[in-house]
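For reference, the structure discussed in these notes is given below.
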Amino acid sequence: MSDANMGPSEPIVSHHFKDREQQTEASHIGMWLFLAQEVMFFGGLFAAYFYYRTLYPEVFKDCSGFLDYKIGGFNTIVLLLSSVTMATCVYFTQTGKWKQQMFFLCSTIALGFTFLFVKYFEWKAKWDGGMIPHIRWDEAMQVGHGYQLLDPVKGELFYSLYFIMTGMHAFHMIIGFGIGAVFIYLCAVKKEYGPNKYLPIEYFGLYWHFVDIVWVFLFPMLYLI
Amino acid sequence: MAVVAEEYTPPEEEKRHIHYLINDYSIKSWILTQDHKRIAIMYLATITVFFLLGGLFAMLFRMELMTPNAELFQPDVYNKLFTLHGVLMIFFFLVPSIPATLGNFLLPIMVGAKDLAFPKINLASYWIFVLAGFLALAALGGGGVDTGWTFYTPLSTDFANTQVFFAAMAAFVAGFASILTGLNFIATVHKMRAPGLTWFRLPLFVWANYATGIIMMLGTPVIAITIFLVAFERATGIGIFDPAMGGDPVLFQHMFWFYSHPAVYIMILPGFGVISDVIACFSKNRIFGYEFIAFSSMAIAILGFFVWGHHMFVAGQSFYTGLVFSFITFFVAVPSAIKIFNWTATLYGGNVSFETPMLYAIGFIGLFCVGGLTGLFLSSMGLDVPLHDTYFVVAHFHYVMVGGMVMAFMCGVHFWWPKMTGRMYPELLGKFSAVMIFAGFNLTFFPQFILGWLGMPRRYHVYPEEWQVLNVMSSAGASLLGFSFLLAIVYLIGSLFWGKKAPQNPWGAKGLEWEVCLSPPDPHNFHEVPIVTEEAYAYTGKEKMDV
Amino acid sequence: MSDNHSDEHAGHHIIPLKLYIINACIITVLMFLTVFVAKGMELPGGVNGPALWIALAIAILKTACIMSIFMGVYWNTPLVRIFATGAWVWLLIFFAFTLSDVMSPRAGLGTANVEPLPGVQDYDHYMQGPGAEPIVYEKAEPKEGSAAH
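Chains as they are written, first to last, in numbering that gives the first Met the number 0: chain B, 0 to 224; chain R, 0 to 546; chain F, 0 to 148.
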């Protein structure tokens, strides 16, 4: 049984749509178009990555050796789990279970925070090792921390791409936190979403899964290969 | 005898029709409107401001170019003039021109819907565009940009000491506004067509805007990330595009032109849509080869993504990649040619009349042909070597952008002016302005073909003396062009106050916006859902005009 | 109320939780496989050899799993599926042409058999970046029959 007063008692259809189905389909298309352009956005970064990788394969392999793939793997699992909890939250919104919806929404955000927390330590290690391109790039510091780069100039290029790509990914996660915080408020206090109104939660879920997909490509390309 | 005052009832024709412009007068109802028509009008006002600003810069550097030596401006100021002309005209006028004004206004009406699929996103798109405009003005106020609108690295990332960051951010944000517009269009055309309105009964204007939306969605994010990287590189000093740090400027050009070539199709495709509608209306004839024009719009949208390397033939791109790009570029001319043939065939056997929109449309066909054909010169690699970065290129793209797109924009604005504002513009002034624009345009840009062929480089403020005559012709033409545009803007604004009230269908045109909607339309477009039973452009040749 | 039946007609499919768990397990396994292929095995060809392609293929497979199950694309209408997959196709186009440039020999157009002018095509000077010594140009003699004569 669904929880009482979870979301509107009847589906709401905006005035310019003729029925709920048209509204849902149009919204689906709209959300996927947005994700399509996000694919192209991140794709540009990956294009730059593959371009330079083709030019300097040895440098890239060497540099990725200084990224700890075990931490990266752990982060991958964390993000995957957050995808599961997000999808589960959507499920409970659709079936009208408020406590479970809140629990899984909050766990998604919490797992996301875990991801960023771990990333903070990763980046801090690079900061201490003098491997932040141009802002704190010091070869003496690098050698002192055990990072002996094959080619410091092109290595700086790799790390520029690394920080921009993971930084852009982290930025998208932070945006996700912002939206998630709004949703937590709306679900906890106003019980805005339920079986008759769950598309916003579903679309937040799509956004979150997309951020996971970006990481699915980032992890092997930057850390493993 | 006592006179009994009767209650005064106004005669029927004086009852005010509450249309979208007057249903609510508050500022809030305009700023927070979700009505696509009001958003379109706001866009129209905003892009006109940018058009005038960009045109002002053009006037300034054309003045400089009247003499072979540097008389008026320092070289770096000259660089800023042409850069800002390009940035403002492309990102803040051409890209949003028809989609955000005519498209926003007409698309829902043409598909028989009460609004676009996502009205709030439409509103967001406008305010994001305004934000981008403020960023551009900030770049302007902070001293301008001098890298050229193409922001080539490493000049823009390392060596320029102008407001590259703000200009780049302005283009980034403006791109986002166009993404939201495209998103709305695609969803609306797919899902909100009226009953009976199959894809092949849609006006070709809708097909054109749909194809434009697809390009916007797929291409704009790439320039967003490219510009972001430039701005980031400028701010932090890292070297993604800097050869001294292992970077490659050609990569920037790949990423930049991956959007900027399809961008020119964003700019021209809606113009094609307008011309289709106008030619059909003023020849009172069915469009010849409707499906061909519809599919050619999609073909241009798709093929346009495969040709960007033709901007980079001499940039250091691989010869073999250049071959492929050159080959495909020849192909992409074919769908445009198909359209030209079909429009010309539409005129045949029709009841042709030459009102202002038709003058612009005919001018478009001729000028776009010239522009398109000269593009073929540039797309063959051998010819591109001497012609690249000369005035030949400048003339080519101005023929397609101004002779093509801006003429199509004027055409569309005049054609749908009665519908949007409920007023007729003065026809004689309209015709005069159209002819003057055509004359001024050709005087400005045809000499530039010759100059480019002779070898005059673009973006230079000095040139050898023997080219002065042609440059003076070009500058004179620019003055004529500028005056004619100003005249058009003046009489269009004047018509809002003193223009004749427009009937519902002054042109005798077919289409939901003419046959069902009033001039101007009601706030919700239709009182009841229209049901479409006839094909698009079902002209019989006997439709009467009502001007 | 279980509106599943009428919801399905309206296109609202509720995906069972069990599928999510299974999907997550599959993706985890694939992740470990990627790590093994990249770090655990010694594949020939080094970085740009089979290891790269296998890693990419597995990443694409994981993406397909996430998209079809977590994002529900499997149950969407064909139109939505086209939009969902279309962007990836477009990305491939971008990759293909850009990489074709960097992977084929960069013969500079118009530069074969031409004496480089002093400084203009001086790659070494270019590579020194800002702060390098400025080049002093000499005015060249105009050739017979050229426009400048």
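Backbone N, C-alpha and C fix where the C-beta goes; we use that ideal spot for every residue, glycine too.
Query, Result
"Sub-9 Å separation of M266/R and L93/R beta-carbons", "yes"
"Any C-beta of chain F under 9 Å from that of S82/B", "yes"
"For H387/R and V313/R, believed in contact at Cβ under 8 Å, the rounded distance", "5 Å"
"Test: D247/R CB closer than 9 Å to a CB of chain F", "yes"
"Proximity of F324/R and F305/R at Cβ, strictly below 9 Å", "yes"
"heavy atom of the ligand MN below 8 Å from L98/F C-beta", "This structure lacks the ligand MN; in fact it carries no ligand of any kind."
"Cross-strand partners of R233/R (DSSP beta bridge)", "DSSP lists no partner for R233/R."
"Chain-order list of residues whose beta-carbon lies under 8 Å from that of V528/R (same chain, five-residue window excluded)", "G111, A193, P194"
"8 Å CB neighbourhood of F69/F in its chain, flanking five on each side removed", "Y19, N22"
"Per-residue DSSP class, three states only, for T161/R", "coil"
"Within-9 Å CB hit, L450/R to chain F", "no"
"Within 9 Å of chain R by C-beta, residues of the segment 40-62 of chain B in sequence order", "F40, F41, G42, G43, L44, A46, A47, Y50, Y51, L54, Y55, V58"
"Continuous alpha helix (DSSP H) stretch holding C516/R: start and end", "Taken as a continuous stretch (DSSP letters only), C516/R belongs to no alpha helix (DSSP H), as it is neither H nor E."
"Chain B contact for H84/R (CB, 9 Å cutoff)", "no"
"Bridge partner(s) assigned by DSSP for M130/B", "W136/B"
"G85/F, DSSP secondary structure in three states", "helix"
"Beta-bridge partners of P456/R, as assigned by DSSP", "T389/R"
"8 Å contact criterion, which M172/B and V210/B should meet: CB distance rounded", "6 Å"
"Interface residues of chain B facing A123/R [CB-CB closer than 8 Å]", "None at all; the shortest Cβ gap to chain B is about 12 Å."
"Minimum C-alpha distance to S67/F - residue among L205/B, Q36/B, F112/B, H133/B", "L205/B"
"Limits of the alpha helix (DSSP H) - the one that M40/F falls within", "Premise fails: M40/F is in no alpha helix (DSSP H) and is neither H nor E."
"Rounded separation between I178/R and F91/R - CA only", "14 Å"
"Residue range of the unbroken alpha helix (DSSP H) whose run includes M167/B", "151-187"
"Same chain only: Cβ atoms within 7 Å of C62/B, ignoring 5 sequence neighbours per side", "L148, G154, F157, Y158"
"Residues bridged to K500/R (per DSSP)", "R422/R"
"C-beta atoms of E290/R and W506/R nearer than 9 Å", "no"
"Alpha-carbon spacing of V531/R relative to L196/R, whole angstroms", "5 Å"
"Partner residues on chain F for S177/R, Cβ-Cβ distance less than 8 Å", "Within chain F, no residue comes near S177/R; the closest Cβ sits about 17 Å away, beyond 8 Å."
"Terminal residues of the alpha helix (DSSP H) in which R52/B lies", "19-54"
"Distance CB(A88/R)-CB(M406/R) smaller than 9 Å", "In the sequence as presented, Ala is not what sits at residue 88/R; that position holds Met. Not closer than 9 Å, so no."
"Contacts around I200/B, its chain only, beta-carbon distance under 6 Å, and the 5 residues preceding and following it disregarded", "V89, T92, Y192"
"Simplified DSSP state of N103/R, which is helix, strand or coil", "helix"
"DSSP three-state assignment for K196/B, whether helix, strand or coil", "strand"
"Cβ pair count under 8 Å reaching 3, the segment 371-385 of chain R against the segment 433-445 of chain R", "no"
"Under the three-state DSSP convention, the category N567/R falls into", "Residue 567/R lies beyond the range of chain R shown here (0 to 546); nothing can be said about it."
"Assumed close pair A131/R, A176/R - CB separation to whole angstroms, cut-off 8 Å", "6 Å"
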